[in-house]
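First to last, the protein sequences are chains A and B. Throughout the first sequence, residue numbering follows numbering that gives the first Met the number 0, covering 0 to 219 in sequence. Throughout the second sequence, residue numbering follows numbering that gives the first Met the number 0, covering 0 to 219 in sequence. Note that CB positions come from ideal geometry on N, CA and C, so glycine has one too. To start, the structure itself, in structure tokens.
Number of protein chains: 2
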Amino acid sequence: MPQSSRIPKPTVRRLSLYLRALQSRMMGEGREGISSRELGESSGVADAQVRKDLGSIGAGGQPGVGYRVQDLHDRLRSAMGLDNPWKVALVGVGNIGRALLAYPRFGAEGFEIVAVFDRAGAMVGRKVAGHLVHAMSSMPEVVRRTGAELGIVAVPPEQAQAVAERLVESGVRGVLNFAPRSLRLPGSVAVVGVDFTEALERLAFETSAGRGSGPRSRGS
Amino acid sequence: MPQSSRIPKPTVRRLSLYLRALQSRMMGEGREGISSRELGESSGVADAQVRKDLGSIGAGGQPGVGYRVQDLHDRLRSAMGLDNPWKVALVGVGNIGRALLAYPRFGAEGFEIVAVFDRAGAMVGRKVAGHLVHAMSSMPEVVRRTGAELGIVAVPPEQAQAVAERLVESGVRGVLNFAPRSLRLPGSVAVVGVDFTEALERLAFETSAGRGSGPRSRGS
DNA sequence: GATTGTGAAGAGCTTCACAGCT
DNA sequence: AGCTGTGAAGCTCTTCACAATC
Numbered sequence: 000m001p002q003s004s005r006i007p008k009p010t011v012r013r014l015s016l017y018l019r020a021l022q023s024r025m026m027g028e029g030r031e032g033i034s035s036r037e038l039g040e041s042s043g044v045a046d047a048q049v050r051k052d053l054g055s056i057g058a059g060g061q062p063g064v065g066y067r068v069q070d071l072h073d074r075l076r077s078a079m080g081l082d083n084p085w086k087v088a089l090v091g092v093g094n095i096g097r098a099l100l101a102y103p104r105f106g107a108e109g110f111e112i113v114a115v116f117d118r119a120g121a122m123v124g125r126k127v128a129g130h131l132v133h134a135m136s137s138m139p140e141v142v143r144r145t146g147a148e149l150g151i152v153a154v155p156p157e158q159a160q161a162v163a164e165r166l167v168e169s170g171v172r173g174v175l176n177f178a179p180r181s182l183r184l185p186g187s188v189a190v191v192g193v194d195f196t197e198a199l200e201r202l203a204f205e206t207s208a209g210r211g212s213g214p215r216s217r218g219s
Numbered sequence: 000m001p002q003s004s005r006i007p008k009p010t011v012r013r014l015s016l017y018l019r020a021l022q023s024r025m026m027g028e029g030r031e032g033i034s035s036r037e038l039g040e041s042s043g044v045a046d047a048q049v050r051k052d053l054g055s056i057g058a059g060g061q062p063g064v065g066y067r068v069q070d071l072h073d074r075l076r077s078a079m080g081l082d083n084p085w086k087v088a089l090v091g092v093g094n095i096g097r098a099l100l101a102y103p104r105f106g107a108e109g110f111e112i113v114a115v116f117d118r119a120g121a122m123v124g125r126k127v128a129g130h131l132v133h134a135m136s137s138m139p140e141v142v143r144r145t146g147a148e149l150g151i152v153a154v155p156p157e158q159a160q161a162v163a164e165r166l167v168e169s170g171v172r173g174v175l176n177f178a179p180r181s182l183r184l185p186g187s188v189a190v191v192g193v194d195f196t197e198a199l200e201r202l203a204f205e206t207s208a209g210r211g212s213g214p215r216s217r218g219s
């Protein structure tokens, strides 16, 4: 199946939602089939959109019946590049870093933290949530040795750009950025940002606006 | 200034970026003016886009000169509903909740956590990062008394929908959701989601795809 | 009868390009 | 010369609607 063409960014976002909806469906031991309408309702997406999205990753359903949950789940994980686990390096064991180390879903979804770094001398050499904290200076060596392919930047904003560059120099090919800063990195490196402040500000905006007619809003 | 028309969602997102770029500019004590091109470069946005965005909130620049940093900053905060501080209720003092309590930028940006809740009896009555943890059952009373207008959901996914509903019943008008679940809430309530797993999966996708021609990527 | 797959229409956002202002 | 503001063009994503399939 030549799943040729490019996948739109919004579609990728929704694929995550579908994956989660399917996972909770599979826990519940419900029927082994699901329609685009049902999947859409669980995820807050229109049914036609669901069909387009699933079509774009080459997942086919049966007219009159729907999609097979297990197959769809596997196809989704495969399309998103989750067939085998990703090794991840985490930089920064402040509040956010420690929360991430303890976040159980990372492991469950196929991401394994294989290296942890911090700038503060007091942290280096200690164990945090079972992970030995390395010095920044050993990053190239440790990243290479552990084979980390993704990096998480959980340091204060002033250090974010420099840390991201060091990660890339050390061989990482994708960066998840928790600092409220736009990162400038080579085009060959994927960057995704998670920005609490931006989210809160969006919320403030929408809540203010909501006095009038009330905007349509979606959770995630 | 009749800043009449609706503001596109992507624009709201970028307004946050501009705000941050201006803030670091103001710390640095640089020139008091800035052009759309400069602002765009700091934020990873095209200059024409910057001008459209700023125009949409009624912020005018001077042809040949640019925008005045201080004025622009004030106009941005005002347009985003940040003129006066928001009172926030936080539910869940697990890893994420505690990280949020310690996150210094919330206060700095005009968000004040005025109430904290947790389901676990062991937590209730204790202080976490200086905040007394209340029982869920007292939510209506405490939210009303403190005047919290926004709620943060930092509980496990199974509890997220119920917690969000209780927040809304208690009078909250906007919800920031950290649980990996789509929330179904009345249209009058604004919902913004922050989802680590979704972000990691997006990163996995883009990093896998990046083997070929290399996708254009932006940090945040 | 239920549901998929999809072309076509529609909506929304971004980029271009340039007149007009300083 | 430098920069803004913006109509028009271009692009991308979403919704509609319906023939095809089970």
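In chain order, what residues of the same chain lie with their CB nearer than 8 Å to the CB of residue i, ignoring the 5 residues before and after it?
| i | result |
| --- | --- |
| A/Ser35 | Asp46, Ala47, Val49, Arg50, Leu53, Gly60, Gly65, Tyr66 |
| A/Leu21 | Ile33, Leu38, Val68, Leu71, His72, Leu75 |
| B/Ser15 | Met79 |
From the DSSP output, in three-state form, read off residue i for me.
| i | result |
| --- | --- |
| B/Leu53 | helix |
| A/Leu89 | strand |
| A/Val190 | strand |
| A/Gly32 | strand |
| A/Glu111 | strand |
| B/Tyr102 | coil |
| B/Asn83 | coil |
| A/Leu131 | strand |
| A/Arg144 | helix |
| A/Phe116 | strand |
| B/Arg67 | strand |
| A/Glu197 | helix |
| A/Leu14 | helix |
| A/Gly96 | helix |
Can you give me the Cβ contacts of residue i inside the same chain, cut-off strictly under 6 Å, excluding the 5 residues immediately before and after it?
| i | result |
| --- | --- |
| B/Val6 | The sequence given here places Ile at residue 6 of chain B; Val does not occur at that position. If we look at B/Ile6 and ignore the five residues flanking it on each side, its Cβ neighbours are Ser55. |
| B/Ser77 | none |
| A/Val141 | Ala114, His133 |
What does residue i reach in chain B if we use C-beta pairs closer than 7 Å?
| i | result |
| --- | --- |
| A/Asn83 | Result: empty, since nearest Cβ-Cβ is about 11 Å, beyond 7 Å. |
| A/Tyr17 | Going along chain B, no residue has its Cβ under 7 Å from A/Tyr17, so there is no contact; the nearest lies around 11 Å. |
| A/Leu175 | Ala198, Leu199, Leu202 |
| A/Val68 | Within 7 Å Cβ-Cβ: nothing; A/Val68 doesn't reach chain B, min ~18 Å. |
| A/Gly43 | Ser181 |
| A/Ser207 | Gly80 |
| A/Arg12 | Glu197, Arg201 |
Within 10 Å of its beta-carbon, does residue i have 16 or more other beta-carbons around it, so buried, or fewer, so exposed?
| i | result |
| --- | --- |
| B/Ser23 | exposed |
| B/Pro179 | buried |
| A/Leu79 | Contrary to the premise, residue 79 of chain A reads as Met rather than Leu in this sequence. Buried is the call here. |
| B/Ser4 | exposed |
| B/Phe204 | buried |
| B/Leu131 | exposed |
| A/Ser169 | buried |
| B/Glu28 | exposed |
| B/Met26 | exposed |
| A/Arg13 | buried |
Taking residue i as the query, report the chain B residues whose CB atoms sit under 8 Å from its CB, ordered along the chain.
| i | result |
| --- | --- |
| A/Ala98 | Asn94, Ile95, Arg97, Ala98 |
Roughly how far, in whole angstroms, is the beta-carbon of residue i from the beta-carbon of residue j, given that I think they are within contact range, below 8 Å?
| i | j | result |
| --- | --- | --- |
| B/Leu75 | B/Tyr17 | 6 Å |
| B/Asp117 | B/Gly91 | 6 Å |
| A/Leu89 | A/Val115 | 5 Å |
| A/Pro139 | A/Glu111 | Not quite, the Cβ-Cβ distance comes to about 20 Å (not below 8 Å), so this is no contact. |
| A/Ala220 | B/Val193 | What the structure shows of chain A is the stretch from 0 to 219, and residue 220 of chain A is not part of that stretch, so it cannot be assessed. |
Can you pull the chain A neighbours of residue i, defined as C-beta to C-beta under 7 Å?
| i | result |
| --- | --- |
| B/Val193 | Val193, Phe195, Ala198 |
| B/Ala101 | Asn94 |
| B/Glu111 | The premise fails here: B/Glu111 is roughly 11 Å from chain A at the closest Cβ pair, so nothing lies under 7 Å. |
At 8 Å on the CB atoms, spell out the chain A contacts of residue i, in chain order.
| i | result |
| --- | --- |
| B/Glu108 | Thr196, Leu199, Glu200 |
| B/Arg143 | None at all; the shortest Cβ gap to chain A is about 17 Å. |
Within its chain, find whatever has a CB closer than 7 Å to the CB of residue i; leave out the 5 residues flanking it on each side and keep chain order.
| i | result |
| --- | --- |
| A/Gly96 | Leu89, Ala153 |
What residues from chain B crowd round residue i, counting only those whose CB sits closer than 9 Å?
| i | result |
| --- | --- |
| A/Leu53 | Result: empty, since nearest Cβ-Cβ is about 15 Å, beyond 9 Å. |
| A/Ala58 | Simply none; closest approach about 15 Å. |
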